[in-house]
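Here the sequence shown stands for residues 96 to 249, numbered as in the numbering used here. All residues carry an ideal CB built from backbone N, CA and C; glycine is no exception. Below you'll find the structure, written out as structure tokens, and then a few comments.
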Amino acid sequence: MSDFHLAQVNIGRTRFPLDSEEMAEFVAALAPINALADQTPGFVWRLATEDGDATSIKPFEDERMIINMSVWESLEALGDYVYSSAHTAVMRRRRQWFEHMELYMALWWIPAGVIPTIEDAKERLEILKERGASPGAFTFRQPYGRPGSGSQAR
């Protein structure tokens with residue numbers, strides 16, 4: 096077990112309201128994809144309301160912006176979930192449901208046992224926007240090793 100876990104945030108602006116017919120398949124996929132995350136090795140936590148997802152949380156002025164946050168034991172565990180599970184099929188259809196955004200995701204290391212806040216996540220997106228990939232906020236394409244691991248970008 097490591098002293099650090101990986102936090103992730105991803106945001107998106109839906110093309111249509113969540114309760115629209117156009118978003119029905121996405122909304123229907125939320126519960127099974129979230130359940131898959133919850134059962135994936137290396138999963139620690141995800142942002143959710145009593146409804147089981149985070150779609151009703153509105154941290155931005157734009158009502159069509161949604162947020163997803165989670166914590167994982169490692170970059171590899173999150174990568175396996177994102178790119179090697181049923182999540183991949185849903186992700187491939189993202190342009191059907193979400194507008195293109197240049198910056199929609201950030202990763203960062205947190206001490207094990209810490210749960211990041213929405214404000215933390217928004218700050219990490221801003222760091223990535225302003226500075227590019229760094230130990231404070233990075234991406235899968237430009238990852239950084241755990242603090243104290245002796246490795247900078249992988």
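*Going by the CB atoms, is the gap between Trp167 and Gly147 shorter than 8 Å?*
Here the question's residue 147 lines up with position 52 in the sequence shown. Here the question's residue 167 lines up with position 72 in the sequence shown. No, the pair does not count as a contact, with Cβ atoms beyond the cut-off.
*One or two residues paired with Ser229 in a DSSP bridge*: The sequence position of residue 229 within the sequence shown is 134, counting from 1. DSSP output for Ser229 lists Ala232 as bridge partner(s).
*So, is Gln237 buried or exposed, given that buried needs 16 or more other C-beta atoms within 10 angstroms?*
Position 142 of the sequence shown, counting from 1, holds the residue named residue 237. Gln237 is exposed by the Cβ-count criterion.
*asked:* Please classify Ile128 as buried or exposed, where buried requires at least 16 neighbouring CB atoms within 10 angstroms.
replied: On the sequence shown, position 33 is the one that residue 128 refers to. Residue environment: Ile128 is assigned as buried (16 or more neighbouring CB atoms within 10 Å of its CB, all protein chains considered).
*Does the pairing of the stretch 185-195 with the stretch 210-221 give three or more beta-carbon distances under 8 Å?*
no
*So who's on the other strand from Trp204, going by DSSP bridges?*
Taking the first residue of the sequence shown as position 1, residue 204 is located at position 109. Answer is Leu101, bridged to Trp204.
*Sort Arg226, Phe99 and Tyr199 by Cα distance to Met160 and report the nearest one.*
To locate residue 160, count along the sequence shown from 1; it is residue 65. Checking every option, the nearest Cα to that of Met160 belongs to Tyr199.
*Would you please state the rounded distance, in angstroms, between the beta carbons of Arg241 and Phe111? I believe it to be under 8 Å.*
Looking up residue 241 in the sequence shown gives position 146. Looking up residue 111 in the sequence shown gives position 16. With 8 Å as the limit, Arg241 and Phe111 do not qualify as a contact, their Cβ atoms being about 39 Å apart.
*My understanding is that Ser169 touches Trp140, with C-beta atoms under 8 Å, so please give their C-beta distance in whole angstroms.*
Counted from its first residue, the sequence shown places residue 169 at position 74. Counted from its first residue, the sequence shown places residue 140 at position 45. Their Cβ separation, rounded to whole angstroms, is 14 Å, which puts Ser169 and Trp140 out of contact at 8 Å.
*Specify the secondary structure class of Phe121 as computed by DSSP and reduced to three states.*
For the purposes of this step, residue 121 is identified with residue 26 of the sequence shown, where counting begins at 1. Residue state, collapsed to three classes: helix.
*Sub-8 Å separation of Ala172 and Thr144 beta-carbons*: Looking up residue 172 in the sequence shown gives position 77. Looking up residue 144 in the sequence shown gives position 49. When the beta-carbon positions are compared, Ala172 and Thr144 stay at least 8 Å from each other.
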